[in-house]
Amino acid sequence: MITKESSIVTEAFLLTQRRAKELLREPQWIFSGMATPILYLVLFAPLLTNIPSALFGGLSVVQMFVPGMLVLFAFGSGQGIGWTVIHELDTGVIERFRVTPVRRVSLLLGSVIRDGLFFIVCALIVCLIAIPFGFVIHPSGLALTLLLLAVLTGTVSATSAAIGLALKNIGALAASIMSMQLPLTLLAGALLPISMGPTWLRVLAHFNPFYYAVEAARDLASGHILTVNVGLGFLVVFAVFALALTWASRVFQKAVA
456 MITKESSIVT EAFLLTQRRA KELLREPQWI FSGMATPILY LVLFAPLLTN
506 IPSALFGGLS VVQMFVPGML VLFAFGSGQG IGWTVIHELD TGVIERFRVT
556 PVRRVSLLLG SVIRDGLFFI VCALIVCLIA IPFGFVIHPS GLALTLLLLA
606 VLTGTVSATS AAIGLALKNI GALAASIMSM QLPLTLLAGA LLPISMGPTW
656 LRVLAHFNPF YYAVEAARDL ASGHILTVNV GLGFLVVFAV FALALTWASR
706 VFQKAVA
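Under my numbering, the first residue of the sequence shown carries the number 456, and numbering increases by one thereafter.
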């Protein structure tokens with residue numbers, strides 16, 4: 456039970472539990488979410504096998520593809536909370552939270568943490584499934600990859616929740632998320648390295664935070680931890696996460712005032 460004396464850690468923990476129970480009550484969303492990266496691995500990655508590894512910086516197809524695929528999965532794992540927030544707004548759940556002592560930022564953190572943990576568990580399973588396809592796991596690199604991309608998931612989650620509260624309309628939210636997803640993921644070089652593209656595309660990619668996440672994840676997946684790509688990846692992703700969390704917190708504070 457949340458009281459006026461509850462700490463923000465306690466509130467975030469209890470609200471994360473609430474969100475996790477919601478997800479477990481509808482396990483079809485878990486299997487649906489995991490199906491996407493597995494289908495990419497099984498049905499798309501084989502199409503790249505005849506491309507020379509030199510174009511991938513010497514990486515094998517699977518070692519190049521899995522980290523990018525996980526970035527796509529990170530985006531998908533965080534985007535759904537906006538729909539949930541709009542549903543809670545329409546059904547009066549948000550209204551009931553207005554009369555509770557819970558901190559408004561804790562309402563946001565419950566969703567962000569749940570989505571990040573969901574990503575880590577599912578991404579680990581996907582990486583294990585990728586081993587028979589030739590994916591080599593470097594434990595320290597994988598751990599840092601999951602941490603980095605869980606924060607990226609949290610960024611998407613906070614943004615989706617804030618947009619949902621701001622727009623209050625499922626159709627408008629869907630249009631907003633979809634209009635962001637395609638350019639962000641394509642310019643990240645998630646499916647194919649951006650280095651294979653023309654100069655203008657490579658330059659444009661540097662304005663996309665997802666690009667830095669992909670580059671860092673590929674280095675980490677290869678066991679290279681102390682690289683410029685990894686440093687830039689963590690710096691950019693954590694900075695964007697801080698901005699998204701700050702903005703979303705203000706939106707929640709206003710909506711649940």
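Note that the Cβ used here is the ideal one computed from N, Cα and C, for glycine as well.
Source: prediction; values computed, not measured.
Close CB contacts of Y495 within its chain, under the 6 Å cut and outside five residues either way in sequence, are with M524 (chain order). A direct Cα-to-Cα measurement between V557 and I632 gives close to 28 Å. Under the DSSP assignment, P492 falls in the alpha helix (DSSP H) whose first and last residues are Q483 to L494. Under the criterion of beta carbons closer than 8 Å, I575 and L601 qualify as touching, at roughly 5 Å. P587: not part of any alpha helix (DSSP H); DSSP gives it neither H nor E. Judged by DSSP secondary structure, V658 falls within the alpha helix (DSSP H) whose first and last residues are T654 to A660. Per DSSP, reduced to three states, the secondary structure at A645 is coil, with no helix or strand assignment. A529 places its beta carbon 8 Å or farther from that of T614. The beta-carbon separation of F520 and L502, rounded to 10 Å, does not stay under the 8 Å limit for a contact. Within a 10 Å sphere around the beta-carbon of A671 sit 16 or more other beta-carbons, which makes this residue buried. In the three-state reduction of the DSSP assignment, R705 falls in the helix class. Note that the C-beta distance between I592 and C582 is below 8 Å.
Distance check between G565 and each of V691, E466, S462 and V606 places E466 closest, using alpha-carbon atoms only. For Y667, the closest of V683, A710 and L562 by C-alpha to C-alpha distance is V683.
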